[in-house]
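Novice: Numbering (the working numbering), first residue to last: 4 to 278. All C-beta atoms, glycine included, are put in the ideal place defined by N, C-alpha and C. All values reported here derive from a predicted model rather than from experimental measurement.
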Amino acid sequence: MHIDYHTHHERCGHAVGKLEDYVRRGIELGLKQLGLSDHLPLVHVDPAQYYPEMAMPLEELPRYVEECLALKERYRGVIDIRVGLEADYIEGYEEEIRELLAPYPWDYLIGSVHFLGEWDITDFRQVHGWEGQDPLAVYRRYYQAISKAASSGIYDIIGHMDVIKRFGYGPDTPEGQAEVKELELSALRRIADAGIAMELNASGLFKPCAEMFPAPHVLKQALELGIPLTLGSDAHDPAKLGEGLAEARKLLWDTGFRELAVFEGRCREMVSFEG
Numbered sequence: 004m005h006i007d008y009h010t011h012h013e014r015c016g017h018a019v020g021k022l023e024d025y026v027r028r029g030i031e032l033g034l035k036q037l038g039l040s041d042h043l044p045l046v047h048v049d050p051a052q053y054y055p056e057m058a059m060p061l062e063e064l065p066r067y068v069e070e071c072l073a074l075k076e077r078y079r080g081v082i083d084i085r086v087g088l089e090a091d092y093i094e095g096y097e098e099e100i101r102e103l104l105a106p107y108p109w110d111y112l113i114g115s116v117h118f119l120g121e122w123d124i125t126d127f128r129q130v131h132g133w134e135g136q137d138p139l140a141v142y143r144r145y146y147q148a149i150s151k152a153a154s155s156g157i158y159d160i161i162g163h164m165d166v167i168k169r170f171g172y173g174p175d176t177p178e179g180q181a182e183v184k185e186l187e188l189s190a191l192r193r194i195a196d197a198g199i200a201m202e203l204n205a206s207g208l209f210k211p212c213a214e215m216f217p218a219p220h221v222l223k224q225a226l227e228l229g230i231p232l233t234l235g236s237d238a239h240d241p242a243k244l245g246e247g248l249a250e251a252r253k254l255l256w257d258t259g260f261r262e263l264a265v266f267e268g269r270c271r272e273m274v275s276f277e278g
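#1: In or out: Glu178 buried (at least 16 other Cβ within 10 Å) or exposed?
#2: Is Ile100 closer than 8 angstroms to Gly162 when the C-beta atoms are compared?
#3: Less than 8 angstroms between the C-beta atoms of Tyr53 and Leu64, yes or no?
#4: Judging by CA-CA distance, which residue of Ala140, Tyr158 and Asp137 is the nearest neighbour of Ser40?
#5: Counting Cβ pairs closer than 8 angstroms, one from the segment 61-79 and one from the segment 22-34, do we hit at least three?
#6: Suppose the cutoff is 7 angstroms on Cβ atoms and the five residues either side in sequence are ignored; what does the same chain contact list for Leu228 look like?
#7: When the Cα of Val166 is compared with those of Lys184, His131, Gly87 and Ser206, which residue comes out closest?
#8: CB-CB under 7 angstroms to Ala152, same chain, minus the five flanking residues each way: which ones, in chain order?
#9: Using C-beta distances below 7 angstroms, list every residue in its chain close to Ala251, excluding the 5 sequence neighbours before and after it, in chain order.
#10: Given a cut-off of 8 angstroms on the beta-carbon distance, is the pair Gly33 and Asp7 in contact?
#11: Under 8 angstroms between the Cβ atoms of Gly16 and Met57?
#12: Is DSSP giving Cys212 helix, strand or coil here?
#13: Using a 10 Å radius around the Cβ and a threshold of 16 neighbouring Cβ atoms, would you call Asp123 buried or exposed?
#14: Could you check what DSSP says for Asp49 in three-state terms: helix, strand or coil?
#15: In its own chain, which residues sit with a C-beta less than 7 angstroms from the C-beta of Phe260, not counting the 5 before and 5 after it?
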């Protein structure tokens, strides 16, 4: 079972390629299922006043869904298209997020934490946000947000669970690093309690942290807690679709996973895979 559940395209502003380019590339790669999962429009900042090219404009959301559904039908029997969205969890904006998502027939929703307030911790243009910060305090805020996202009932999958490590910032003392592991475990327990899935996002291999999201030790804990895993390349270019997923499947297999979570109509099914 070859799948890729995390992709972005030109509507979000920081990716390239049309949705159909991803579909055609997925067919070339022999994917069984392709998840289309662009970014939910920003709900907590004014896009006109914020950093440009962060997410799709609000007026594009219905067009995005319409195009995804059309592609799902057009390529039926060739490749299974799943209609998804990466919907940022923004503390205090849960109702606004639910209202935006409610009208559409999603197959799955990825809940990711990029923002702590108005600071996007994953944006290379905003790494200056770490200046003067206590890294451990930032990690506490981040994992608290992950835990709240898991418990919100909004999402089917928690995205790139430890993406906060992307640029290499973090506590540099043994005590701080030990606390980060406790924060990770606490968030994993919330994910398990919520009964939702998590992704292994291969894109971290190609970021400064040079490690998938989440790290191998987190995957082991997820397995012990019974958290289902799915896979995503987080491709922002059709040419990068599936990038790193062979390594990701092997890592999952070596960790002890034998099934992947797939979704349709927001219902989860577990399917066998090979490492």
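Specialist: Here's the rundown:
#1: By one-based count along the sequence shown, residue 178 stands at place 175. Exposed: under 16 other Cβ atoms inside 10 Å.
#2: Within the sequence shown, numbered from 1, the residue matching residue 162 stands at position 159. Within the sequence shown, numbered from 1, the residue matching residue 100 stands at position 97. Not closer than 8 angstroms, so no.
#3: In the sequence shown, residue 53 corresponds to position 50, counting from 1. In the sequence shown, residue 64 corresponds to position 61, counting from 1. Contact: no.
#4: On the sequence shown, residue 40 is found 37 positions in, with the first residue counted as 1. Checking every option, the nearest Cα to that of Ser40 belongs to Tyr158.
#5: yes
#6: As a working note, residue 228 is residue 225 in the sequence shown. So the qualifying residues of the chain are Leu191, Arg192 and Ala195.
#7: Along the sequence shown, one-based indexing puts residue 166 at 163. Residue Ser206 is the option with its Cα nearest to Val166.
#8: Indexing the sequence shown from 1 puts residue 152 at position 149. These residues qualify, in order along the chain: Tyr92, Gly114, Val116, Tyr158 and Ile161.
#9: Within the sequence shown, the letter at position 248 stands for residue 251. Closer than 7 angstroms at Cβ, skipping near neighbours: Leu203, Ala205, Met215 and Leu234.
#10: Indexing the sequence shown from 1 puts residue 33 at position 30. Indexing the sequence shown from 1 puts residue 7 at position 4. Against a cut-off of 8 angstroms, the Cβ pair of Asp7 and Gly33 comes out as no contact.
#11: The count along the sequence shown starts at 1 and reaches residue 16 at position 13. The count along the sequence shown starts at 1 and reaches residue 57 at position 54. For Gly16 and Met57, yes; Cβs fall inside 8 angstroms.
#12: Position 209 of the sequence shown, counting from 1, holds the residue named residue 212. Three-state DSSP puts Cys212 in coil, outside helix and strand.
#13: Taking the first residue of the sequence shown as 1, we reach residue 123 at position 120. So Asp123 counts as buried.
#14: Translated into positions along the sequence shown, residue 49 becomes position 46. If DSSP states are grouped into helix, strand and coil, Asp49 belongs with coil.
#15: Locating residue 260 in the sequence shown gives position 257, where the first residue counts as 1. These residues qualify, in order along the chain: Leu226 and Leu232.
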